[in-house]
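For reference, the structure discussed in these notes is given below.
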């Protein structure tokens, strides 16, 4: 098993179809194969251990991804939105590498030891040109295909290990080879460092679907691309869908070419999906739940289930619109208590999953997969009597804002560095636009007065804007238990109730 198997089959089966870009003008599957081979030869000559990408989506993404598989080195897409110190740290951690990057990242990491930084134009013009070498990629299924950095309970980045067997198992188990008609196109607007971005590339290649890329999401441009490129399939996070529906309300009209729209990456507010179903009645909606560690989707709520739940007067059936659907055929899902014991239907606990696509492994750390193949996701949830999965959020209190995982700890560290703040807690609270908004409770330092607007600006200048608390409350103390553990759930409930 190797990701190159997917591209080789595509090149052999429908090589003249457009793979990436405008219909009839972008790279064909045969050209994608040849350019990946040319880049792979240069990767091997470079004597590196990894290929990294610090850039938005472009045709360089699939070339670098498949060239890495061909060359036998892991592909590591990094978050181009990281601060300069964060990016330099991760660039050094994944070196020795060739890193394909935008100009800003080139200036930031170009001098990091072990990093051979190349900007996108040079990569496309020089590294990915020439004939494909011999088809001599490794077939070892346990080779590492992709490393994706994700935040853990402490907020420290860790690299989830996705081996070729995990990703190939997911694709073969969920996608029909050459299942796409020649007129089908998928719009990819999630960033490369998100597992959904990887899954979108791989599944489209295997199905034979043309890939249209939107480097930076904008609702107006997204709608325009769907219309002008006759996009038939797309994937968004809840925040994106809310903005798309708002834009359609403003400009009018529909999306007649859009046959299927999947969403995931965070909790979908019920009013948003209800509006979307009303606005796009001919579109098939799919809620896809998965994790980086599971190579993407493990459960789906399908189109007919969406329509049935939306129309139903039965509260139990209508509630399924807020579910993640049911597990994929190749996936098992259990809900377990703190001791790892299965709990009855309707009882909340931790979501555990098992299947060939499940990794549960992190670079340089022990695997979290049990000897019998189960992976505890650290997500809370429940299963109803009909097997529908309801996801309740991260057990470790990670805030999921617009599909982005945010560690409360890193926000708190900045808050307490302010001279007027003695103690602080950050939590996620329900938000219709973002899924969750960042809220903070701070305790003033003795003799100090907290200026909330000034404190928010203080955080914003030290972190990305998505991590700046949308709401701040000042209280005399925070709730702790007898062992000194901060009781975040109490704060979250209080803030949500008063919001």
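In the numbering used here, the protein residues as written are 123 to 621. C-beta: ideal position from N, C-alpha, C; glycine also.
- Closest option to residue 357, judged by alpha-carbon separation, among 370, 513, 381: 381.
- For residue 369, the closest of 353, 345, 350 by C-alpha to C-alpha distance is 345.
- According to the DSSP assignment, residue 164 belongs to the alpha helix (DSSP H) that extends over 151 to 167.
- Across the set 168, 259, 227, 284, the C-alpha of 284 shows the shortest separation from the C-alpha of residue 198.
- Within the same chain, and ignoring the five residues on either side of residue 567 in sequence, the residues whose Cβ sits closer than 8 Å to its Cβ are 541, 542, 543, 544.
- Collapsing the DSSP output to three states places residue 261 in coil.
- DSSP places residue 350 inside the alpha helix (DSSP H), whose first and last residues are 341 to 350.
- Inter-segment contact for the stretch 199 to 216 and the stretch 176 to 191 is present: three or more beta-carbon pairs are separated by less than 8 Å.
- Secondary-structure assignment with DSSP links residue 248 through no beta bridge to anything.
- The beta carbon of residue 614 is closer than 6 Å to those of 549 in its chain, skipping five residues each way along the sequence.
- In terms of CA proximity to residue 595, 616 leads the group 225, 616, 223.
- Remark: C-beta atoms of residue 386 and residue 410 approach each other more closely than 8 Å.
- Secondary structure in the stretch 491 to 557: the beta strand (DSSP E) runs of 3 residues or longer, each lying completely within the stretch, are 497 to 505, 511 to 516, 521 to 523, 526 to 528, 543 to 553 in chain order.
- Beta-bridge partners of residue 458 (DSSP): 464, 472.
- Within its own chain, the residues whose Cβ lies closer than 8 Å to the Cβ of residue 601, once the five positions on either side in sequence are excluded, are 608, 609, 612, 613, listed in chain order.
- Put simply, the stretch 162 to 174 touches the stretch 240 to 258. At least three CB pairs are less than 8 Å apart.
- Excluding the 5 residues flanking it on each side, residue 501 has same chain C-beta neighbours closer than 8 Å at 413, 472, 473, 513, 514, 515, 516, 517, in chain order.
- Beta-bridge analysis with DSSP links residue 174 to 198, 221.
- Between residue 307 and residue 329, the gap from beta carbon to beta carbon reaches 8 Å or more.
- Collapsing the DSSP output to three states places residue 303 in coil.
- Only exposed fits residue 494, as fewer than 16 other CB atoms lie within 10 angstroms of its CB.
- Within its own chain, the residues whose Cβ lies closer than 6 Å to the Cβ of residue 263, once the five positions on either side in sequence are excluded, are 123, 286, 287, listed in chain order.
- Under the three-state reduction of DSSP, residue 297 is assigned to coil, being neither helix nor strand.
- Counting along the chain, residue 240 sits inside the beta strand (DSSP E) bounded by residues 237 to 241.
- In the structure shown, residue 207 falls within a helical segment according to DSSP collapsed to helix, strand and coil.
- Collapsing the DSSP output to three states places residue 292 in a helix.
- Of the candidates 231, 468, 246, 481, 231 places its Cα closest to the Cα of residue 218.
- Secondary structure note for residue 595: its beta strand (DSSP E) is the uninterrupted segment 593 to 596.
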